[in-house]
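First up is the structure itself, then whatever we jot down about it.
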Amino acid sequence: MILLLFGPPGVGKGTQAELLTRHFDCAKFSTGEILREETAIQSELGKKVETYMSSGVLVPDMLIFEIVDGFLTEHQEDNILFDGFPRNLNQAVSLNTSLSRRNLHLNLALEMYLEETEIINRLINRRYCPECGRLYNLVSNPPRDHGICEKCGKILAKRNDDRETVIRKRLQVYHDETAALAKYYQSLNAYQRVHATGSEDDVFNSIVKIINAHNTEKR
Ligand code: AMP
2 MILLLFGPPG VGKGTQAELL TRHFDCAKFS TGEILREETA IQSELGKKVE TYMSSGVLVP
62 DMLIFEIVDG FLTEHQEDNI LFDGFPRNLN QAVSLNTSLS RRNLHLNLAL EMYLEETEII
122 NRLINRRYCP ECGRLYNLVS NPPRDHGICE KCGKILAKRN DDRETVIRKR LQVYHDETAA
182 LAKYYQSLNA YQRVHATGSE DDVFNSIVKI INAHNTEKR
């Protein structure tokens, strides 16, 4: 099964991608995660993308396509979850071509949506563990010890792009460039959306229901 998750920043894509990857036993492809790793180790790619990321705009498609090609060459299986890719129509069309070339096809593009005030609240209070990647929210899901990861004891960090001005820029980029994916995937009969409110488990259960219903309907 090939799935993709898209939605504005802060809607919970990363958390749900983790849960879904485990549930459906698939390979996860998250461009945001890969790019953050590259900037952390200051690779050539990392240095090139740093400024785009910290200002909240999209990294140029050509750089993204290199990462995608590398991933698809390494992962010949047909069980993949794309998280945060594609981010615009050009990337979506290119993904479709790459999949067809490999005799694969997308089952479902799932859009997660949430009210903007809630998104901003979530992102301002979001923290992550630089060691294990675990996510926290200082209000709704704080660590037991203030500022310390419960799993590995490291000091929690705030993402460079989780500052209010950058959050607003990322939301605008989402509306201007990514939201158009909904129409595109509707036209391919591979689109559903889910309201990402409630607990992680609530959202996860809703998503699994949608995926199973969509697959049954298509059979
Ligand atoms: P994310 O973790 O998905 O919110 O991505 C963080 C940042 O990485 C974005 O604001 C972009 O600057 C960059 N990025 C991630 N995925 C893509 C993509 N598919 N295309 C372009 N830029 C991306």
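Here the sequence shown is numbered in this note's numbering, starting from 2 and rising by one per residue. For every residue, glycine included, the Cβ atom is placed at its ideal position computed from N, Cα and C.
In the DSSP secondary-structure assignment, Arg128 is bridged to Tyr137. Taken from the Cβ of Tyr53, at least one heavy atom of ligand 1 lies inside 7 Å.
Take the alpha-carbon of Ala191 and the one of Asp146: they are about 43 Å apart. The beta carbons of Asn80 and Asp162 sit no closer together than 8 Å. Boundaries of the alpha helix (DSSP H) harbouring Glu165: 165-174, taken from the DSSP string.
In the DSSP assignment, the residues bridged to His196 are Tyr114. If you ignore the 5 residues before and after Gln173, its C-beta comes within less than 7 Å of no other C-beta in its own chain.
Here Leu189 is exposed. Its C-beta has fewer than 16 other C-beta atoms within 10 Å. Per DSSP, the beta-bridge partners of Ile81 are Ile3, Ala28.
In the DSSP annotation of this structure, the continuous segment of the alpha helix (DSSP H) that includes Ser99 starts and ends at 90-102. The Cβ-Cβ distance between Met63 and Val195 does not fall below 8 Å.
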